[in-house]
Amino acid sequence: YYFSPDTKPEVITAYLRQLENNLDTNNTRVILFGDFNAPGFNWENGTPLSSCHYYSKLKGDSIYTSACFLGLRQCVEAVDTVNMLDLVFANFTDLKSVPADSGLVAPDLYHPRLNIDVLLPNVNSNLNSEFSYQNFAAGNYAFLYNILSTYDWSGVYQTSSVDVAVASLSVAVRSAMEQAIPCGYRCKSKFPHWFSYTLRHYINKKNYFHSRIKKNPSDYFYGRFACYTDANKLERIQQKFASVCFYYFSITFHILILML
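The letter at position 133 of the sequence shown is residue 1151 when you use my numbering, and the numbering goes up by one with no holes.
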């Protein structure tokens, strides 16, 4: 953020109130940083210094009040924090912001270089490498027919609400399908769904011979790698050509339907 020195306190207050309505700091990690242009304000206890300018005091009060309401704290650790204009606010404690070494250039007391270190939490992925699907080819459709034929449909056709009827119908059919049609499990693929079986085979072979070249360079492995690389490129071109042909065929078909 950037609030210029001549920004009116009421403008800052209106903006921060809008921020209070849009930010969910209870369920989200939030970090705000920028040039707030409110020197002479003690951000630890929310009080201005005796030398603080009147308008700087008003801006500091507004920023500090909104920060407290959102559960944010000022995180910059500096020798002269009260005169710093660049501030960092966050609602989590695993953050550290300290001035960086300015090198040969003299440090700016109001805008020192800052190092902001954020400790990201470890996220354990619960994603399974497999996903389930219904194997319709192995379904027992005689059993499915018996379930649906003996089902009490009165709750579906006696209701006066279309939404309730649709929901009841979906529940009945889904429950019957889960009983009569078994589930299968398929490993998630690292390839896009539109990759053909041949293209996936060529890519796997290319990667295999590429790894063999790294371990044991030889003309044979390099030749096989080059062969599958060319085959991979050719298969990609063929797939793109087929998709373009299908697209134009679909357009032509729809035009003919409209002309009939």
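Cβ coordinates follow ideal geometry from the N, Cα and C atoms, glycine included.
Segment limits, beta strand (DSSP E) that includes Leu1050: Here residue 1050 refers to the residue found at position 32 of the sequence shown. First-last of the beta strand (DSSP E) with Leu1050: 1049-1053.
Outcome for Ile1255 when other beta-carbon atoms lying within 10 angstroms are tallied against a minimum of 16: Taking the sequence shown and counting its residues from 1, the one referred to as residue 1255 is at position 237. Counting Cβ neighbours within 10 Å, Ile1255 comes out exposed, since fewer than 16 surround it.
Thr1065 - partner residues in DSSP beta bridges: Counting from one through the sequence shown, the residue named residue 1065 turns up at place 47. In the DSSP output, where bridge partners are listed per residue, Thr1065 has Asn1060.
Coil, strand or helix - Arg1035 by DSSP: Residue mapping note: residue 1035 aligns to position 17 of the sequence shown, counting from 1. Residue state, collapsed to three classes: helix.
Sequence-distant residues of its chain with Cβ nearer than 7 angstroms to Lys1224 (five each side left out): By 1-based counting over the sequence shown, the position of residue 1224 is 206. Taken in chain order, the residues that qualify are Phe1243, Tyr1246, Thr1247, Asn1250.
Contact with chain B by Asp1135, beta-carbon distance below 7 angstroms: The chain inventory of the structure shown lacks chain B, comprising one protein chain alone.
Exposed unless 16 or more other CB atoms sit within 10 angstroms - verdict on Ala1056: Taking the first residue of the sequence shown as 1, we reach residue 1056 at position 38. Result: buried.
Sufficient close CB pairs (3 or more, under 8 angstroms) joining the segment 1194-1204 to the segment 1212-1220: no
contact_flag[the segment 1079-1090, the segment 1019-1036] where n(CB pairs < 8 angstroms) is 3 or more: yes
Rounded distance between the beta-carbons of Lys1077 and Ile1030, thought under 8 angstroms: For the purposes of this step, residue 1030 is taken as the residue at position 12 of the sequence shown. For the purposes of this step, residue 1077 is taken as the residue at position 59 of the sequence shown. With 8 angstroms as the limit, Ile1030 and Lys1077 qualify as a contact, their Cβ atoms being about 6 angstroms apart.
Assigned secondary structure, Ser1193 (DSSP; H/G/I helix, E/B strand, else coil): To locate residue 1193, count along the sequence shown from 1; it is residue 175. Correct three-state label for Ser1193: helix.
Cβ shell of Leu1050 (< 8 angstroms), same chain only, five flanking positions each side left out: The count along the sequence shown starts at 1 and reaches residue 1050 at position 32. Within the same chain, Leu1050 has close Cβ partners Tyr1019, Leu1090, Val1106, Phe1107, Ala1108.
Neighbour-count burial assignment, Gln1092, 16 or more Cβ in a 10 Å radius: Translated into positions along the sequence shown, residue 1092 becomes position 74. Counting Cβ neighbours within 10 Å, Gln1092 comes out buried, since at least 16 surround it.
Cα-Cα separation, Val1180 to Phe1161: Translated into positions along the sequence shown, residue 1180 becomes position 162. Translated into positions along the sequence shown, residue 1161 becomes position 143. One C-alpha to the other measures close to 28 angstroms.
Ala1160, enclosing beta strand (DSSP E) - first and last residue: Here residue 1160 refers to the residue found at position 142 of the sequence shown. Not the beta strand (DSSP E): Ala1160 falls in the alpha helix (DSSP H), residues 1159-1167.
Helix, strand or coil at Ala1017 [DSSP, three-state]: Given a span of 1019 to 1278 for the chain in the structure shown, any question on residue 1017 remains unanswerable.
Contact check, Asp1104 vs Asp1053, beta carbons under 7 angstroms: The sequence position of residue 1104 within the sequence shown is 86, counting from 1. The sequence position of residue 1053 within the sequence shown is 35, counting from 1. Contact: yes.
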